[in-house]
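For what it's worth, the working numbering labels the leading residue of the sequence shown as 56, then goes sequentially.
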Amino acid sequence: MHNLSIAYYYRGDLKTAVEHDAEAARVCRELGSAARTAELLVNLAVLEIQRGRLDEAERALAGTSQELTPAYRAMARLLGARVAALRGDVSKARSEYAAAILMVRDAQDERSLAWGKAFFAELALDEGKLDEAEALAKESLGTRSRLGLTLFTGESQLLLARILLAKGDFDEAEKEAKAALDTFIAEQSVALEADARAVIAQIQLTTKRLEDAATTLAKARQTAATTQFVAPRLEVMITGAILDARQGKTEDAHKALDSVIADATKLGIPRFELEGRIAKARIDMGANKTAQGRAALAAAAKDAEKLGLHGITRKAQP
């Protein structure tokens, strides 16, 4: 991304970053610079994915040309795979990630290789392939740390924390998530800070530390309510709803989860839709609506299984 666009990105102002890159792409197109236009469109796709605007990301990628450098061409393919993964097209995402990573290796672009491995690890997590996910996340983390990519190192640490949480290694998961949080605070990345707090709160809820979870989520909720980054916002809302339910605020929890499910459905991101449905079903089961909750849980598990999201299916086990 252009330096000014990067500044907007880290401040969390994705809308302005998108407007900046779209205008820059228009100017470059008028000047006849096809290669630079294509690079800006790839950058634009990155921003639109963070906003959850997958159709817009695909349109940006469709406008790229064959004049891209090998590194940018590989990046564009990685982003296409990322869109497929977010849409729940697991088979396409897996094959595209594998092909894109080979392209990145050929381009000898270590930074993008670490980026691709992190994306691939997230897909493997959703598929329930936890050992593969952990290995990829650690490879990504090692490369980013060695290259001095501080913020991206934090992202890989947070991803590793999610994987360790799924594996039941709560102490190591919390250690990695807190290290990521420290990085995001130092780098003033408020959206990622909220995301890290959500993961820490999930660990605290799983280990029955309700007061700690409430403290952790308080600040995350303030940020998540206004962030333009879709994943942290929905992650915090789901985790906050689970906390609310455990505190006896069932109606508040239902409202929040209904909003998550509606937003995720509109955006076409099934992972968050399914996780919202699973959380809501479990809340119903704990609120003397056992039959209703079990039916909803079974339906969510069936839908996750159809998509190949076996990691999410496991979350729906009674």
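Glycine included, every Cβ here is placed at the ideal spot set by N, Cα and C.
Counted within 10 angstroms of its Cβ, other Cβ atoms place residue i as buried (16 or more) or exposed
{"i": "aspartate 226", "result": "exposed"}
{"i": "glycine 303", "result": "exposed"}
{"i": "valine 82", "result": "exposed"}
{"i": "glycine 87", "result": "exposed"}
{"i": "arginine 201", "result": "exposed"}
{"i": "glutamate 189", "result": "buried"}
{"i": "isoleucine 61", "result": "exposed"}
{"i": "glutamate 248", "result": "buried"}
{"i": "alanine 241", "result": "exposed"}
When the options are compared against residue i, the one with the closest alpha-carbon
{"i": "lysine 335", "options": "Val101, Ile316, Thr320", "result": "Ile316"}
{"i": "serine 314", "options": "Glu74, Gly341, Val285", "result": "Val285"}
{"i": "alanine 296", "options": "Glu103, Asp339, Ala162", "result": "Asp339"}
{"i": "leucine 133", "options": "Ile104, Arg108, Gln372", "result": "Ile104"}
{"i": "threonine 205", "options": "Ala354, Met130, Ala80, Gln243", "result": "Gln243"}
{"i": "alanine 169", "options": "Ala342, Glu210, Leu141", "result": "Glu210"}
{"i": "threonine 270", "options": "Gln283, Ile255, Thr262", "result": "Ile255"}
{"i": "glycine 348", "options": "Gln372, Leu185, Glu360, Pro325", "result": "Gln372"}
Cβ separation of residue i and residue j, assumed to be a contact under 8 Å, to the nearest whole Å
{"i": "glutamate 194", "j": "lysine 172", "result": "5 Å"}
{"i": "threonine 320", "j": "glutamate 330", "result": "Incorrect: roughly 12 Å between the Cβ atoms, too far for contact."}
{"i": "alanine 355", "j": "arginine 332", "result": "4 Å"}
Residue-level contact to chain C via CB, residue i, 7 Å cutoff
{"i": "glutamate 328", "result": "Here chain C cannot be found, since the structure has a single protein chain."}
Range of the contiguous alpha helix (DSSP H) that encloses residue i
{"i": "glycine 223", "result": "Glycine 223 -> no alpha helix (DSSP H), and no H or E assigned at all."}
{"i": "phenylalanine 284", "result": "It is not in any alpha helix (DSSP H) - phenylalanine 284 carries neither H nor E in the DSSP assignment."}
{"i": "glutamine 163", "result": "Glutamine 163 -> no alpha helix (DSSP H), and no H or E assigned at all."}
{"i": "glutamine 105", "result": "89-106"}
{"i": "aspartate 144", "result": "Taken as a continuous stretch (DSSP letters only), aspartate 144 belongs to no alpha helix (DSSP H), as it is neither H nor E."}
{"i": "threonine 368", "result": "365-370"}
{"i": "glutamine 347", "result": "345-362"}
{"i": "glycine 331", "result": "325-340"}
{"i": "glutamate 85", "result": "69-85"}
{"i": "serine 314", "result": "305-322"}
{"i": "arginine 252", "result": "245-261"}
{"i": "glycine 197", "result": "185-201"}
- Message: Count Cβ pairs between the segment 125-138 and the segment 148-164 that sit closer than 8 Å; are there 3 or more?
- Response: yes
- Query: Is the segment 288-298 touching the segment 269-280 in the sense that three or more CB pairs, one from each, lie closer than 8 Å?
  - Reply: yes
- Message: With a threshold of 8 Å, are at least 3 pairs of Cβ atoms found where one atom belongs to the segment 108-117 and the other to the segment 155-168?
- Response: Output reads no: the segment 155-168 does not touch the segment 108-117.
- Task: Answer yes if the segment 70-85 comes into contact with the segment 93-113, meaning at least three C-beta pairs across the two stretches below 8 Å, and no otherwise.
- Result: yes
- Message: So, does the segment 355-372 touch the segment 196-215, judging by three or more C-beta pairs under 8 Å?
- Response: no
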